[in-house]
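Undergrad: The following block contains the structure, expressed as structure tokens.
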Amino acid sequence: MDMITLLKTFGYAGVWTALFIEGAFIFGIFLPGDTLLFPIGILAGQDVFNLWIMLPGCFISAFLGNLAGYEIGKRWGPKILEKYEGKIIKKAHLEKCHEFFEKYGTFTVVISRFIHFARTLVPFMAGMTGMPYKPFVIYSAVGALLWATGVPLLGYFLGSIIPAGSIDKYLLPIIGVVILLVAAKPLYKKFIAKKPL
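First residue of the sequence shown? That's 1 in this note's numbering, and the numbers climb one at a time after it.
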């Protein structure tokens, strides 16, 4: 099943559910939010989806996922860490999120929306460490709005200039480029930056 058929099959509800899960549950770290939002924007530009139905749903799902992740971290954070650290939750990712919090404070909640693993871990860690709820809600709303509407809009404008009926030719290469861009920095650090000159 190709990407277009998959997105059409699961439709609005499938996209919104995936965005909620990514922010709410630790195993959501395996869901590719960026590589989901961008193609649905492209498909909206081809009139496969209605952009003005999709965008509010994406925002609400991402926002509610953050709130759920916060509550899960607050109630069961230490137990979940004890069970899954080193398995689902990588120590390096936790340390990076700690660095973000130390450097940017509560604004980390906004920044994390644009970093794959941090989208899942930051709400969880905010709840577990007792970050005040009101600022968390405000920054979650800002981050969700920027990410869950901004990324599809970029896709929408690209989709609107792709010739009708040619989406099959363009979508997979575009998704491949997005994945490479997302993975470029971690891969560089892992395989190139550590090599001695």
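Ideal Cβ positions, reconstructed from N, Cα and C, are used throughout, including at glycine.
Keep in mind the model is a prediction, meaning the values are calculated, not measured.
1. Closer than 6 Å by C-beta to Tyr156: which residues in its own chain qualify, once you throw out the five before and the five after it? Chain order, please.
2. Decide yes or no for the touch test of the segment 19-32 against the segment 125-132: beta carbon pairs closer than 8 Å, at least 3 of them.
3. To the nearest angstrom, how far is it from the Cα of Lys90 to the Cα of Pro78?
4. Going by the beta-carbon positions, is the gap between Ala126 and Tyr84 smaller than 9 Å?
5. For Gly11, does the count of other Cβ atoms within 10 angstroms reach 16, so buried, or fall short, so exposed?
6. Would Leu154 and Phe38 be called neighbours here (beta carbons separated by less than 9 Å)?
7. Going by alpha carbons, who is nearest to Ile72 out of Leu121, Thr108, Gly57?
8. Taking a contact to mean a Cβ-Cβ separation below 9 Å, would you say His98 touches Asp34 in this structure?
9. Please classify Leu6 as buried or exposed, where buried requires at least 16 neighbouring CB atoms within 10 angstroms.
10. On the DSSP letters alone, give me the boundaries of the alpha helix (DSSP H) that Ile72 sits inside.
11. Thinking Phe63 and Ala141 are a contact (beta carbons under 8 Å), I'd like their distance in whole angstroms, please.
12. For Ile89, name the three-state secondary structure that DSSP assigns.
13. Counting along the chain, where does the alpha helix (DSSP H) carrying Met131 start and finish?
TA: The structure says:
1. The count along the sequence shown starts at 1 and reaches residue 156 at position 156. Answer for Tyr156: Gly41, Ala44, Gly45, Leu51, listed in chain order.
2. no
3. As a first step, residue 90 is located in the sequence shown; it is residue number 90 there, counting from the start. As a first step, residue 78 is located in the sequence shown; it is residue number 78 there, counting from the start. If you take the alpha carbons of Lys90 and Pro78, they lie about 15 Å apart.
4. Within the sequence shown, numbered from 1, the residue matching residue 126 stands at position 126. Within the sequence shown, numbered from 1, the residue matching residue 84 stands at position 84. When the beta-carbon positions are compared, Ala126 and Tyr84 stay at least 9 Å from each other.
5. Reading the sequence shown from its first residue, position 11 is the one you call residue 11. Classification for Gly11: exposed.
6. Mapped onto the sequence shown, residue 154 falls at position 154. Mapped onto the sequence shown, residue 38 falls at position 38. It is a contact, given that the beta carbons lie within the stated cut-off.
7. Residue 72 sits at position 72 when you count from the first residue of the sequence shown. Nearest of Leu121, Thr108, Gly57 to Ile72, Cα basis: Leu121.
8. Position 98 of the sequence shown, counting from 1, holds the residue named residue 98. Position 34 of the sequence shown, counting from 1, holds the residue named residue 34. No; because the gap between Cβ atoms is not below 9 Å, this pair is not in contact.
9. As a working mapping, residue 6 is identified with position 6 in the sequence shown. Classification of Leu6: exposed, given that the 10 Å Cβ count is below 16.
10. To locate residue 72, count along the sequence shown from 1; it is residue 72. First-last of the alpha helix (DSSP H) with Ile72: 51-84.
11. Counting from 1 along the sequence shown, the entry for residue 63 is found at position 63. Counting from 1 along the sequence shown, the entry for residue 141 is found at position 141. The Cβ separation is near 6 Å, so the contact holds.
12. The sequence position of residue 89 within the sequence shown is 89, counting from 1. Three-state DSSP puts Ile89 in a strand.
13. Indexing the sequence shown from 1 puts residue 131 at position 131. Membership of Met131 in any alpha helix (DSSP H) is not indicated, and neither H nor E is assigned to it by DSSP.
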